[in-house]
Every structure is written in C-alpha cells, then in structure tokens.
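Enquirer: Pasting in a structure now, in structure tokens, and then I'll have a few things to ask.
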Amino acid sequence: MVAVRSCIGCGVRVSRSELLRVVERDGHVVIDEKAVLSGRGAWVHPDRACIERTIARGGFPRALRVSGRLDTSELENRLEK
Ligand SMILES: [Zn+2]
Numbered sequence: 415m416v417a418v419r420s421c422i423g424c425g426v427r428v429s430r431s432e433l434l435r436v437v438e439r440d441g442h443v444v445i446d447e448k449a450v451l452s453g454r455g456a457w458v459h460p461d462r463a464c465i466e467r468t469i470a471r472g473g474f475p476r477a478l479r480v481s482g483r484l485d486t487s488e489l490e491n492r493l494e495k
C-alpha cells in the first residue's frame with residue numbers, strides 16, 4: 415500500500431515520496447528531509463508554486479496547528495537553489 419498525502423498548497427493527493435514533509439520547531443518551518451521528526455507534520459510539493467501559495471494563505475500555521483506566524487526562510491532558501 416502506498417502512503418498518500420495531500421499537498422497543503424494545491425490539495426492534490428499523491429504518494430508521500432513526491433512531497434516534502436515539514437514540521438514546526440521554535441517558530442520556524444523546518445524541512446524534515448527523511449520524514450522522521452516527531453510532532454505534527456505537513457506535506458507540500460517541493461516547488462515554488464505550492465510553497466508560495468501556502469505561505470500566502472497562512473497554510474503552514476494552520477496545517478501545523480500553530481497560532482501566529484511561522485518563519486519559512488528555510489523553505490524559501492531551498493527554492494532558490
Ligand atoms: Zn502541491
């Protein structure tokens with residue numbers, strides 16, 4: 415059975431291997447490369463459109479059940495590579 419997750423940017427359900435898992439740590443959105451970190455995770459396509467859309471809509475705090483803003487610089491830096 416393939417584990418399927420929804421991208422929080424576009425809502426499409428795909429195999430989790432196609433998505434990036436992120437978690438919240440001390441007010442930052444942290445990329446969980448190996449999908450091993452504890453706590454609530456959110457899944458997003460590793461591309462600019464989905465990540466920017468999620469940031470614009472406040473999707474990370476909502477998906478991670480955090481109130482207020484989260485620092486997404488780690489994700490944004492990744493997009494620049
Ligand atoms: Zn997406």
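The sequence shown begins at 415 in the working numbering and counts up by one.
Backbone N, C-alpha and C define an ideal beta-carbon position, used for all residues, glycine too.
Mapping DSSP to helix, strand and coil, what is Gly-455?
Expert: Taking the sequence shown and counting its residues from 1, the one referred to as residue 455 is at position 41. Residue state, collapsed to three classes: strand.
Enquirer: Are there any heavy atoms of ligand 1 lying less than 7 angstroms away from the beta-carbon of Gly-453, as far as the coordinates show?
Expert: One-based indexing of the sequence shown puts residue 453 at position 39. Not so, every heavy atom of ligand 1 lies at least 7 angstroms from the Cβ.
Enquirer: So, with DSSP's three-state summary, where would you put Arg-439?
Expert: Start at 1 with the first residue of the sequence shown, and residue 439 comes out as number 25. Note: Arg-439 maps to strand in three-state DSSP.
Enquirer: Taking the continuous beta strand (DSSP E) assigned at Arg-492, which residues delimit it?
Expert: As a first step, residue 492 is located in the sequence shown; it is residue number 78 there, counting from the start. Per DSSP, Arg-492 belongs to no beta strand (DSSP E); it is in the alpha helix (DSSP H), 487-494.
Enquirer: Please enumerate, following chain order, all residues with a beta carbon closer than 5 angstroms to at least one heavy atom belonging to ligand 1.
Expert: Spelled out in chain order, the answer is Cys-421, Gly-423, Cys-424, His-459, Cys-464.
Enquirer: For my contact list, Ile-422 and Ala-456 are in at a C-beta cut-off of 8 angstroms; report their separation, rounded to the angstrom.
Expert: Here residue 422 is taken as the residue at index 8 of the sequence shown, counted from 1. Here residue 456 is taken as the residue at index 42 of the sequence shown, counted from 1. Sure, about 5 angstroms apart at Cβ, within 8 angstroms.
Enquirer: Any idea what DSSP makes of Arg-483, helix, strand or coil?
Expert: In the sequence shown, counting from the first residue as 1, residue 483 sits at position 69. DSSP places Arg-483 in coil when its eight states are reduced to three.
Enquirer: Ordered along the chain, which non-local residues of its own chain (more than five positions away) have a Cβ less than 7 angstroms from that of Arg-435?
Expert: Counting from 1 along the sequence shown, the entry for residue 435 is found at position 21. The residues are Asp-446, Ala-449, Gly-455, Trp-457.
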